[in-house]
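Below is one structure, written out as structure tokens; the observations come after it.
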Amino acid sequence: MKKDLPSRWIYDYFSPSEVHKHAIKGTIYHGNSDIQEIVVAETHNFGRCLILDNEFQSFELDEFIYHEALVQPAMIMHPEPEKVAIIGGGEGATLREVLHHKTVNKAMMVDIDEKVVECAEKYLPTFHNGCFSDKRTVLTFGDGRKFIEDSDEEFDAVIMDITCPLEEGPAYKLFTKEFYALVKQKLTPHGVLSIQASTTSPVALQTYTVLSKTLQAVFPNVFPYAAYVPSFALLWGFCLATNDLDPAQISPEKIDRRISERVNSELRFYDGITHQALFNLPKYLRKALKEQTHVNLDKNPLMEQYPGLADKD
Ligand code: SAM
Numbered sequence: 001m002k003k004d005l006p007s008r009w010i011y012d013y014f015s016p017s018e019v020h021k022h023a024i025k026g027t028i029y030h031g032n033s034d035i036q037e038i039v040v041a042e043t044h045n046f047g048r049c050l051i052l053d054n055e056f057q058s059f060e061l062d063e064f065i066y067h068e069a070l071v072q073p074a075m076i077m078h079p080e081p082e083k084v085a086i087i088g089g090g091e092g093a094t095l096r097e098v099l100h101h102k103t104v105n106k107a108m109m110v111d112i113d114e115k116v117v118e119c120a121e122k123y124l125p126t127f128h129n130g131c132f133s134d135k136r137t138v139l140t141f142g143d144g145r146k147f148i149e150d151s152d153e154e155f156d157a158v159i160m161d162i163t164c165p166l167e168e169g170p171a172y173k174l175f176t177k178e179f180y181a182l183v184k185q186k187l188t189p190h191g192v193l194s195i196q197a198s199t200t201s202p203v204a205l206q207t208y209t210v211l212s213k214t215l216q217a218v219f220p221n222v223f224p225y226a227a228y229v230p231s232f233a234l235l236w237g238f239c240l241a242t243n244d245l246d247p248a249q250i251s252p253e254k255i256d257r258r259i260s261e262r263v264n265s266e267l268r269f270y271d272g273i274t275h276q277a278l279f280n281l282p283k284y285l286r287k288a289l290k291e292q293t294h295v296n297l298d299k300n301p302l303m304e305q306y307p308g309l310a311d312k313d
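First residue of the sequence shown: 1, per the working numbering; consecutive thereafter.
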């Protein structure tokens, strides 16, 4: 006999004609800040998830894949990362990954939305794991671009964990050539920039390929990479930009050695072998990256359309 299907679903629209749905046990929080609509829901398969302006951000059970992929290659490649800036990252999981590193003595996080961090503190404890009150954390609220413009600090790593560049969203000014040039000025000589770079679905490659091309217009070395995130049902895109470091020049053994020397927690996704997989992209992606010619500029910034409305109940 056929079992009853769950009755409550939440919809993740990839486009107006493609939707991924998760069965939910309930909505934990639903409200609006001055910046965006915020939802925390409890799914059947992946635990709690954060949704901002109908865009799914991360899920409790597999956020370690996304956050280790975003943070760890940059941190491990750097010879000694001490000062790190995190732009966005409201859940606190990016900060958590940075603070796993014993070498770090200052982690400055700036998110535009204090309410997202308040919600994360209250409803997403496994994401931040108490890291907002770590003594190395300097947490501020405001626009990440302004933070970089006004900062007189230099960073060994800048990690961009901001929402996708949606039309009318708060983040589209942080994906342009002019912004990346500002970041480059704030990096130490071996400094690394790591960004989340949207989907790598073969039907929606524009953002990923344009961001890689845009970083190439600013940095001598740019390395797009990707990790499969089960809750997104997608290979998710990331990109590293450096002055001199190259992820192909660090052996799996050296990565594993640095992890055991520097990281004070057990990583679940990233190690020397995973590193090789991350940077060896499939052929269709390498081809699309090579063919892209567009550089994203302030005067005509890339803006994705809002794909649809999430059904909260
Ligand atoms: N995993 C995510 C994704 O898939 O897009 C990103 C996660 S994180 C929750 C995104 C954070 O970026 C949010 O907390 C949001 O408030 C923040 N954000 C968006 N625009 C920003 C800006 N201009 N400056 C600083 N933070 C920003």
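We put the beta carbon where it would ideally sit given N, CA and C, even for glycine.
One Cα belongs to D34, the other to R96, and the distance between them is close to 26 Å. At a Cβ-Cβ threshold of 8 Å, A241 and V222 count as neighbours.
Annotation: the continuous alpha helix (DSSP H) that includes M75 extends over E63 to M77. Non-local C-beta neighbours of K102 in its own chain, meaning closer than 7 Å and more than five positions away in sequence, comprise R262 and N264, ordered along the chain. Shortest gap from the CB of P170 to any heavy atom of the ligand SAM: under 7 Å. Around the beta carbon of E63, a 10 Å sphere encloses 16 or more other beta carbons of the protein chains shown; the residue is thus reported as buried. Every beta strand (DSSP E) stretch that sits fully inside the stretch 3-72 and reaches 3 residues is listed by chain position as 9-15, 18-32, 37-43, 47-52 and 55-59.
Residue side-chain check: D111 places its Cβ nearer than 7 Å to a non-hydrogen atom of the ligand SAM. By the neighbour-count criterion, in which 16 or more other beta carbons inside 10 Å mark a residue as buried, Q216 falls on the buried side.
The C-alpha of S58 lies about 30 Å from the C-alpha of E253. Contact between R48 and I28 holds: their C-beta atoms lie close to 7 Å from each other, under 8 Å.
Y11 is the residue among A74, L70 and Y11 whose C-alpha sits nearest the C-alpha of T43.
Annotation: the continuous beta strand (DSSP E) that includes A157 extends over F155 to D161.
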